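S.K.:
Protein chains: 2
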Amino acid sequence: MTTAAPASTTPLEPTERTRVTRGRNRAVTDRQQLLELLRDGLVAHLGVQVGDHPVVLPTAYAVDPDGPDAEGTLYLHGSVAARWLRSSVDRCVCVTVTELDGLVAGRSAFHHSMNYRSAVVIGAARLVDDAAERQHALDLIVDHMLPGRSATLRPSTRKELAATAVLAVALREASLKVRAGGPVDEPSDVEAGVWGGHLPVRRVIDAPVPAADNLPGMPAPAHLTRLA
Amino acid sequence: MTTAAPASTTPLEPTERTRVTRGRNRAVTDRQQLLELLRDGLVAHLGVQVGDHPVVLPTAYAVDPDGPDAEGTLYLHGSVAARWLRSSVDRCVCVTVTELDGLVAGRSAFHHSMNYRSAVVIGAARLVDDAAERQHALDLIVDHMLPGRSATLRPSTRKELAATAVLAVALREASLKVRAGGPVDEPSDVEAGVWGGHLPVRRVIDAPVPAADNLPGMPAPAHLTRLA
Chain A
78 MTTAAPASTT
88 PLEPTERTRV
98 TRGRNRAVTD
108 RQQLLELLRD
118 GLVAHLGVQV
128 GDHPVVLPTA
138 YAVDPDGPDA
148 EGTLYLHGSV
158 AARWLRSSVD
168 RCVCVTVTEL
178 DGLVAGRSAF
188 HHSMNYRSAV
198 VIGAARLVDD
208 AAERQHALDL
218 IVDHMLPGRS
228 ATLRPSTRKE
238 LAATAVLAVA
248 LREASLKVRA
258 GGPVDEPSDV
268 EAGVWGGHLP
278 VRRVIDAPVP
288 AADNLPGMPA
298 PAHLTRLA
Chain B
78 MTTAAPASTT
88 PLEPTERTRV
98 TRGRNRAVTD
108 RQQLLELLRD
118 GLVAHLGVQV
128 GDHPVVLPTA
138 YAVDPDGPDA
148 EGTLYLHGSV
158 AARWLRSSVD
168 RCVCVTVTEL
178 DGLVAGRSAF
188 HHSMNYRSAV
198 VIGAARLVDD
208 AAERQHALDL
218 IVDHMLPGRS
228 ATLRPSTRKE
238 LAATAVLAVA
248 LREASLKVRA
258 GGPVDEPSDV
268 EAGVWGGHLP
278 VRRVIDAPVP
288 AADNLPGMPA
298 PAHLTRLA
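Chains as they are written, first to last, in the working numbering: chain A, 78 to 305; chain B, 78 to 305.
1) Could you name the residues of the region 104-128 of chain A whose beta carbon sits closer than 7 angstroms to any beta carbon of chain B, in the order they occur along the chain?
2) Can you list the beta strand (DSSP E) stretches of 3 or more residues lying completely in the region 165-225 of chain B, in chain order?
3) If we cut at 8 angstroms on Cβ distances, does threonine 150(A) have a partner in chain B?
4) What residue does the beta strand (DSSP E) around aspartate 117(A) start on, and which one ends it?
5) If you run the structure through DSSP and keep just helix, strand and coil, what is valine 286(A)?
6) Comparing C-alpha positions only, which one of Pro296(B), Val255(B), Glu268(B) and Ala305(B) sits nearest to leucine 177(B)?
7) With a threshold of 8 angstroms between beta-carbons, can leucine 276(B) be considered close to chain A, or not?
8) In angstroms with no decimal places, state the Cα-to-Cα distance between asparagine 192(A) and histidine 189(B).
9) Quick check on asparagine 192(B) - is its C-beta less than 8 angstroms from some C-beta in chain A?
10) Taking the continuous alpha helix (DSSP H) assigned at serine 265(A), which residues delimit it?
11) If contacts are defined as beta-carbon pairs under 8 angstroms, then leucine 215(A) and leucine 244(A) qualify, I think. What distance do you get, rounded to the angstrom?
12) Would leucine 310(A) pass as an interface residue toward chain B - the criterion being a Cβ-Cβ separation below 8 angstroms?
13) Looking at chain A, is there any beta carbon in it that lies within less than 8 angstroms of the beta carbon of threonine 92(B)?
14) Identify the contact partners of arginine 256(B) in chain A, using a Cβ-Cβ distance below 8 angstroms as the criterion.
15) So valine 181(A) and alanine 240(A) are in contact, right, with Cβ under 8 angstroms, and what is the actual spacing, rounded?
16) Report yes or no: is there a C-beta of chain B within less than 8 angstroms of the C-beta of glycine 294(A)?
17) Against histidine 213(B), what residues of chain A qualify as contacts under a CB-to-CB distance less than 9 angstroms, listed in chain order?
18) What does the alpha-carbon distance come out to for the pair threonine 79(B) and valine 198(B)?
19) Roughly how many whole angstroms lie between the Cα atoms of valine 174(A) and proline 135(A)?
20) What does glutamate 237(A) reach in chain B if we use C-beta pairs closer than 8 angstroms?
21) Would the region 276-283 of chain B count as touching the region 278-285 of chain A if we require 3 or more Cβ pairs under 8 angstroms?
22) Chain B partners of aspartate 290(A), CB-CB under 7 angstroms?
23) Classify leucine 292(A) as buried or exposed, calling it buried when 16 or more other Cβ atoms lie within 10 Å of its own Cβ.
24) Give the single residue among Leu253(A), Ser252(A) and His275(A) whose Cα lies nearest to the Cα of valine 261(A).
25) Work out the CA separation of glutamine 126(A) and alanine 82(B) for me, nearest whole Å.
26) On a CA-only basis, which of Val219(A), Val132(A), Val286(A) and Arg303(A) is nearest histidine 154(A)? Give me that one, please.
27) Under the rule that 16 or more other beta-carbon atoms within 10 Å means buried, what is glycine 124(A), buried or exposed?
28) If alanine 305(A) sits next to proline 285(A), beta carbons under 8 angstroms apart, how far is it from one beta carbon to the other, in whole angstroms?
29) Is DSSP giving threonine 241(B) helix, strand or coil here?
30) In chain A, which residues lie with their C-beta within 9 angstroms of the C-beta of alanine 137(B)?
31) Arginine 194(A): which of Arg163(A), Ala209(A) and Arg116(A) sits nearest, CA to CA?
32) Could you tell me whether any Cβ in chain B is nearer than 8 angstroms to the Cβ of arginine 163(A)?
33) Kindly indicate which three-state DSSP category leucine 248(A) falls into: helix, strand or coil?
34) Could you give the first and the last residue of the continuous alpha helix (DSSP H) run that contains threonine 302(B)?
35) Give the interface partners of serine 195(B) over in chain A, defined as CB-CB distance under 8 angstroms, in chain order.
36) On the CB-based measure, 16 or more other CB atoms within 10 Å of its CB, does alanine 269(A) come out buried or exposed?
Here you go:
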């Protein structure tokens with residue numbers, strides 16, 4: 078890994094654990110594309126071995142490209158009492174972020190597919206002890222979901238911070254797989270006149286719905302209305 | 078588990094492995110809601126232990142509520158050469174399907190959240206050997222993505238079937254967690270006049286994009302145009 082290059086342009090050099098073994102034509106080694114996907118995604122799926130079986134749970138996350146790890150740091154958070162969180166500390170975990178971009182209607186069942194971008198990050202989960210890094214990570218997680226939100230909120234209380242654990246995973250062992258475009262079919266099926274194509278899929282965020290207990294006459298703040 | 082009741086109305090009785098330990102108020106034990114989420118979802122995240130670490134990969138799936146397992150069967154497929162697939166056969170895997178429904182803007186960082194529905198299924202992955210069950214599962218996977226599609230396609234060839242492996246996981250050990258609605262905040266933050274609410278999130282499927290190599294003058298079939 079060429080550590081002299083800026084982290085965001087360091088190519089993804091797969092290890093044995095992150096090498097894309099199937100569909101290698103879909104493997105992408107541009108670290109910038111990895112960061113873009115991690116910016117676009119909202120939910121990560123964390124995999125951790127709990128006892129004798131793997132558990133996969135959805136969770137919010139954020140990335141600090143300039144975090145303490147050379148290639149950037151991915152942050153997760155959870156209740157200090159969560160079993161999955163305690164099972165992850167200092168253990169090897171897998172964090173996967175997938176964006177579904179389309180449904181691919183091939184001319185045969187075999188050539189049906191999905192368009193997607195998927196990042197797989199494998200690494201030891203570090204429990205973040207440092208108070209400043211923890212607060213920074215929590216702000217990043219709020220702002221990843223709702224950009225600009227954290228600056229409008231009061232500081233977290235000591236009690237809130239004590240109830241929240243933050244995990245960090247280095248963006249070192251990571252792979253990115255991307256599929257885009259239409260189907261790739263057997264010529265005989267194309268000639269037979271079966272319709273082939275794809276249906277783009279995208280996520281829509283609708284206008285903010287105010288909580289029932291808002292004070293009267295409060296408009297939604299601009300940092301939220303501009304997301305819709 | 079009361080096997081006399083129809084599978085779709087059997088309550089989800091959590092085992093030690095699928096018990097929701099955090100946010101128990103969000104645990105849902107209605108099996109019908111589990112099936113509805115599995116109908117709505119398009120991508121599953123499969124977790125499997127590969128060597129000394131978990132791997133989480135996105136994958137298409139389908140459910141047969143009347144499958145060979147008493148409470149229904151979840152099917153996955155992949156290339157027979159895929160490492161994750163070989164690592165899953167007869168091993169305990171975790172299949173998680175998550176739908177993101179909203180972003181919850183609380184009045185404090187601590188009370189930010191997401192609205193979601195998430196199903197976690199844990200069980201041994203069975204390699205489907207029976208030719209009829211395999212063909213049925215592959216049709217279900219195509220139709221789960223694009224309802225009505227499989228009936229318009231030629232049968233799979235022997236070569237295509239030989240290249241494709243199908244895994245089955247019983248919908249026995251499953252849990253469902255749901256969050257909906259606005260934030261639940263500290264009264265002092267509500268009184269302080271911070272705006273709280275949520276932003277609904279939904280998936281949109283756009284109109285079919287024809288493949289460049291379609292024969293001239295072919296309209297997209299109705300089973301695809303009606304998805305947009």
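Cβ coordinates follow ideal geometry from the N, Cα and C atoms, glycine included.
Please read all numbers here as calculations on a predicted model, not as lab measurements.
M.R.: Looking at the coordinates:
1) Taking 7 angstroms as the Cβ-Cβ cut-off, the region 104-128 of chain A approaches chain B at Leu119, Val120, His122, Gly124, Val125 and Gln126, given in chain order.
2) Complete beta strand (DSSP E) runs here, min 3: 169-182 and 190-201.
3) Contact with chain B is absent for threonine 150(A), since none of that chain's Cβ atoms lies less than 8 angstroms from the residue's Cβ.
4) That residue, aspartate 117(A), is in no beta strand (DSSP E); its alpha helix (DSSP H) goes 108-117.
5) Valine 286(A): strand per DSSP, three-state reduction.
6) Among Pro296(B), Val255(B), Glu268(B) and Ala305(B), the Cα nearest to that of leucine 177(B) belongs to Val255(B).
7) At least one CB of chain A lies nearer than 8 angstroms to the CB of leucine 276(B).
8) When only Cα atoms are considered, asparagine 192(A) and histidine 189(B) end up about 30 angstroms apart.
9) Interface flag for asparagine 192(B) against chain A is unset, since no Cβ pair is found closer than 8 angstroms.
10) Counting along the chain, the unbroken alpha helix (DSSP H) around serine 265(A) starts and ends at 264-268.
11) Not quite, the Cβ-Cβ distance comes to about 12 angstroms (not below 8 angstroms), so this is no contact.
12) No answer is possible for residue 310(A): the residues shown for chain A start at 78 and end at 305.
13) No, its Cβ sits nowhere closer than 8 angstroms to a Cβ of chain A.
14) The contacting residues do not exist; arginine 256(B) stays about 11 angstroms from chain A at best.
15) Distance from valine 181(A) to alanine 240(A) at the Cβ level is roughly 44 angstroms; contact not present, criterion being Cβ atoms closer than 8 angstroms.
16) Not an interface residue.
17) Ordered by position in chain A, no residue passes the 9 angstroms Cβ test against histidine 213(B), which lies about 12 angstroms from the chain.
18) Residue placement at threonine 79(B) cannot be trusted, given a pLDDT of 27 that sits under 50; what the coordinates show is reported in the next sentence. Those two C-alpha atoms are separated by around 18 angstroms.
19) Between the C-alpha atoms of valine 174(A) and proline 135(A) there is a straight-line separation of about 10 angstroms.
20) Identification of chain B residues near glutamate 237(A) by a Cβ-Cβ cut-off of 8 angstroms yields Ser185, Ala186 and Phe187, ordered along the chain.
21) Yes, the region 276-283 of chain B touches the region 278-285 of chain A.
22) Ordered by position in chain B, the residues that pass the 7 angstroms Cβ test against aspartate 290(A) are Val267.
23) It is exposed - the Cβ of leucine 292(A) has fewer than 16 other Cβ atoms within 10 Å.
24) Residue His275(A) is the option with its Cα nearest to valine 261(A).
25) Reliability fails at alanine 82(B), whose pLDDT of 30 lies under 50, so the model's placement of it is uncertain and the value that follows must be treated cautiously. Each residue's alpha carbon lies about 33 angstroms from the other.
26) Nearest in C-alpha terms to histidine 154(A), of all of Val219(A), Val132(A), Val286(A) and Arg303(A), is Val219(A).
27) The Cβ neighbour count for glycine 124(A), taken over all protein chains shown within 10 Å, is at least 16; the residue is labelled buried.
28) So it is a contact: roughly 7 angstroms between Cβ atoms.
29) Residue state, collapsed to three classes: strand.
30) Chain order gives the chain A residues near alanine 137(B) as His189, Ser190 and Met191, where near means a beta carbon separation below 9 angstroms.
31) The option with the nearest alpha carbon to arginine 194(A) is Arg116(A).
32) With respect to chain B, the C-beta atom of arginine 163(A) has no partner C-beta closer than 8 angstroms.
33) Leucine 248(A): coil per DSSP, three-state reduction.
34) Here the alpha helix (DSSP H) through threonine 302(B) covers 299-302.
35) Near serine 195(B) (Cβ distances below 8 angstroms), the residues of chain A are Leu134 and Pro135.
36) By the neighbour-count rule (16 or more Cβ atoms within 10 Å), alanine 269(A) is not buried but exposed.
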